[in-house]
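Peer 1:
There are 2 protein chains.
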Amino acid sequence: MIQLRGLNKTYQMGGQPLHALRDLDMDIQTGEYVSVMGPSGSGKSTLLNMLGLLDRPDSGSYHINGIATEQLVEEQRAALRRDNIGFIFQAFHLIGRLNAFENVELPMVLAGETTRARREAVEHVLQLVGLLDRKHHRPGQLSGGQLQRVAIARAIVMKPRILLADEPTGNLDQSSGRDIVNVLENLNSEGITLVVVTHDGNLGQRAQRRVRMVDGQIVEDERHAPG
Amino acid sequence: MIQLRGLNKTYQMGGQPLHALRDLDMDIQTGEYVSVMGPSGSGKSTLLNMLGLLDRPDSGSYHINGIATEQLVEEQRAALRRDNIGFIFQAFHLIGRLNAFENVELPMVLAGETTRARREAVEHVLQLVGLLDRKHHRPGQLSGGQLQRVAIARAIVMKPRILLADEPTGNLDQSSGRDIVNVLENLNSEGITLVVVTHDGNLGQRAQRRVRMVDGQIVEDERHAPG
Ligand SMILES: Nc1ncnc2c1ncn2[C@@H]1O[C@H](COP(=O)(O)OP(=O)(O)OP(=O)(O)O)[C@@H](O)[C@H]1O
Ligand SMILES: Nc1ncnc2c1ncn2[C@@H]1O[C@H](COP(=O)(O)OP(=O)(O)OP(=O)(O)O)[C@@H](O)[C@H]1O
Ligand SMILES: [Mg+2]
Ligand SMILES: [Mg+2]
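Taken in sequence, the protein lines are chains V and H.
Using my numbering, you'd call the opening residue of the first sequence number 23 and step up by one each time.
Using my numbering, you'd call the opening residue of the second sequence number 23 and step up by one each time.
This is the structure we're talking about:
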């Protein structure tokens, strides 16, 4: 159960304030499947970064299951993030000197998982995203869509309770994109809360809950029948 | 007039050769509008990098207007590229410490253009891609789709004879994406050769010439009525 109240994020550019998020309110139920759409620059990634505890608002509150996250210190926020949230970045943020396998296993290494548990989980998710035959490739040896899929695999390898996906199919052809959407939706059907920022209208309409942002604000927020 | 004959690109990964391009043949007429589509990992960016003189094939030839580019030394290839080719990278490749204006003006600075000519051209293309109000922002202060549009503006600011676009709308909403497509097509209508790699079927079908790649090879290559 996620609760955002009165979220604001303002950047100062020269004299002019730039309101990336304005008085944003939003609730997300545990296990919900939410899509977030809107024009380039409207604040979608900024919102997702707040949800992912990667950024702090200038004002307002963000409660996860009753915990007031803005009142936690950085170590507590990091622990909450590590233990609950998987994040697929719009710009992937992979580690260039690690290969695909090592990039995906990194969250498990940090969590102290055994070598055997890591190998099983990593090979499973690499196979789900169609990259088992690329596990030894480093980012410089992968295509754009392959990089995107490594980022997706890394975000899901520990089955986080909350999965935040920032434009997860932007570099994928129709067929790979569909496979990825199936992977994400299967996780959601297992109870994982799924928030997908997307420019793809077809993907956005698959969510039962659809949010539209313009200029830092939520302008539409509707629940639909699934699919 | 571009002519590719027998292009091969092979990577050695451990023991196994990976054929990123296999015996590829292709002609592109001056002023043609070509789309290139195909699965993630099929070799589209590799092909575009060859066309952009950013990479060399292991075998085969690439003629531009009769010039055998594989026989040129690196300085000659760089000059040919600088004077004729604009490239929109799938991963943007902007310079982090320069702002949007400075990133876009860079080709003109390198070409020795005057301050006044640079300002007029840069502000014009920034306005075409809808980013005039972001010219002072550095890449770290821009959204994903804004970064993409800066990369596009940089590629077109000197009106290159050949424009190579690697997934130019992947991070854009429908409306910004349409604006960008209009910008690219207007340049093509002025005589610029336009090659667009895309996963967006709607964009791909707008080209009069449509190429499909699978596994390093061209499997379809058709000319259609425009639009
Ligand atoms: N550090 C910053 N300083 C100033 N402005 C910023 C900064 N970061 C983001 N912005 C601005 O905040 C706005 C929202 O950015 P955000 O990345 O959330 O947009 P977005 O909806 O994800 O866009 P896209 O669809 O292009 O990815 C943008 O207009 C951007 O220029
Ligand atoms: N340096 C490298 N070493 C080994 N393999 C590589 C290297 N660079 C690319 N590859 C492989 O070559 C193939 C073609 O890559 P390319 O980037 O051209 O694909 P693409 O069609 O652009 O894919 P996408 O749609 O995902 O961007 C991929 O399968 C990739 O893994
Ligand atoms: Mg974004
Ligand atoms: Mg590519």
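No residue lacks a Cβ here, since even glycine has one placed at the ideal position from N, Cα and C.
Taking the beta carbon of glutamine 168 of chain V as the centre, do at least 16 other beta carbons fall within 10 Å, making it buried, or is it exposed?
Peer 2: buried
Peer 1: Taking the C-alpha atoms as reference points, what is the distance between glycine 88 of chain H and valine 126 of chain H?
Peer 2: 31 Å
Peer 1: Using a C-beta cutoff of 7 Å, does glycine 118 of chain V count as contacting chain H?
Peer 2: Not an interface residue.
Peer 1: Helix, strand or coil for methionine 235 of chain V? Go by DSSP, reduced to three states.
Peer 2: strand
Peer 1: Please classify proline 39 of chain V as buried or exposed, where buried requires at least 16 neighbouring CB atoms within 10 angstroms.
Peer 2: exposed
Peer 1: Compare the beta carbon distance of tyrosine 84 of chain V and leucine 164 of chain V with 7 Å and say whether it is the shorter of the two.
Peer 2: No, these two residues do not count as a Cβ contact at 7 Å.
Peer 1: Identify the continuous beta strand (DSSP E) that holds alanine 187 of chain H and give its terminal residues.
Peer 2: 184-188
Peer 1: What separation, rounded to the nearest whole angstrom, lies between the Cα atoms of histidine 158 of chain V and threonine 191 of chain V?
Peer 2: 23 Å
Peer 1: To the nearest angstrom, how far is it from the Cα of histidine 221 of chain V to the Cα of glutamine 196 of chain H?
Peer 2: 7 Å
Peer 1: For ligand 3, is there any heavy atom lying closer than 6 Å to the beta carbon of lysine 66 of chain V?
Peer 2: yes
Peer 1: Taking 6 Å as the cut-off, is the CB of glycine 82 of chain V close to at least one heavy atom of ligand 1?
Peer 2: no
Peer 1: Any C-beta of chain H sitting closer than 7 Å to the C-beta of asparagine 193 of chain V?
Peer 2: yes
Peer 1: Would you kindly report the start and end of the unbroken beta strand (DSSP E) that includes arginine 44 of chain H?
Peer 2: 38-50
Peer 1: Cβ closer than 9 Å: which chain V residues qualify as neighbours of glutamate 135 of chain H?
Peer 2: Going along chain V, no residue has its Cβ under 9 Å from glutamate 135 of chain H, so there is no contact; the nearest lies around 26 Å.
Peer 1: When you compare the CB of glycine 53 of chain H with every CB in chain V, is at least one pair closer than 7 Å?
Peer 2: no
Peer 1: Using three-state DSSP, classify isoleucine 117 of chain V as helix, strand or coil.
Peer 2: Coil at isoleucine 117 of chain V, not helix or strand.
Peer 1: Could I get the ranges of all uninterrupted beta strand (DSSP E) runs contained in the region 89-114 of chain H, with 3 residues as the minimum, in chain order?
Peer 2: Here the runs fully enclosed are 107-110.
Peer 1: Nearest to arginine 153 of chain V by CA position, among V:Ile174, V:Gly134 and V:Ala133, is which residue?
Peer 2: Position check: residue 153 of chain V holds leucine in this sequence, whereas arginine was assumed. Among V:Ile174, V:Gly134 and V:Ala133, the Cα nearest to that of leucine 153 of chain V is on V:Ile174.
Peer 1: At a CB distance below 9 Å, what residues from the region 54-83 of chain H approach chain V? Give them in sequence order.
Peer 2: Met59, Gly60, Pro61, Ser62, Gly63, Ser64, Gly65, Lys66, Ser67 and Thr68
Peer 1: Is the shortest distance between the beta-carbon of glutamine 112 of chain H and the beta-carbons of chain V less than 7 Å?
Peer 2: yes
Peer 1: Could you name the residues of chain C that glutamine 196 of chain H contacts, counting a contact when the two beta carbons are closer than 8 Å?
Peer 2: Here chain C cannot be found, since the structure's protein chains are V and H.
Peer 1: Going along chain V, which residues have a C-beta under 8 Å from methionine 35 of chain H?
Peer 2: His158, His159 and Gln163
Peer 1: Could you tell me if the beta carbon of glycine 167 of chain H falls within a distance shorter than 6 Å of some heavy atom in ligand 1?
Peer 2: yes
Peer 1: According to DSSP, is arginine 27 of chain H helix, strand or coil?
Peer 2: strand
Peer 1: Since valine 218 of chain H is in the beta strand (DSSP E), which residue starts that stretch and which ends it?
Peer 2: Valine 218 of chain H: member of the beta strand (DSSP E) spanning 215-219, first to last residue.
Peer 1: In chain V, which residues lie with their C-beta within 8 Å of the C-beta of glutamate 127 of chain H?
Peer 2: Residues of chain V passing the Cβ test: none, with the nearest at roughly 19 Å.
Peer 1: Does chain H have any CB closer than 7 Å to the CB of glycine 213 of chain V?
Peer 2: no
Peer 1: Helix, strand or coil, according to DSSP, for methionine 35 of chain V in the structure here?
Peer 2: strand
Peer 1: Is glutamine 163 of chain H near ligand 3, with its Cβ less than 6 Å from a heavy atom?
Peer 2: no
Peer 1: Step through the CB atoms of chain V and report whether any lies within less than 7 Å of the CB of methionine 168 of chain H.
Peer 2: Position check: residue 168 of chain H holds glutamine in this sequence, whereas methionine was assumed. True, the Cβ-Cβ gap to chain V drops below 7 Å.
Peer 1: Considering only the alpha carbon of each residue, which of H:Phe109, H:Arg231 and H:Val236 lies closest to leucine 185 of chain H?
Peer 2: H:Phe109
Peer 1: Around the Cβ of serine 62 of chain V, are there at least 16 other Cβ atoms within 10 angstroms (buried) or fewer (exposed)?
Peer 2: buried
Peer 1: Looking at ligand 2, does it come within less than 6 Å of leucine 75 of chain H, judged from the CB to the closest heavy atom?
Peer 2: no
Peer 1: Identify whether histidine 146 of chain H lies in helix, strand or coil by the three-state DSSP scheme.
Peer 2: helix
Peer 1: Beta carbon of glutamate 189 of chain H, beta carbon of valine 219 of chain H: below 7 Å?
Peer 2: Note that the C-beta distance between glutamate 189 of chain H and valine 219 of chain H is below 7 Å.
Peer 1: Tell me the rounded alpha-carbon separation between glutamate 92 of chain H and arginine 183 of chain H.
Peer 2: Their Cα atoms are separated by approximately 20 Å.
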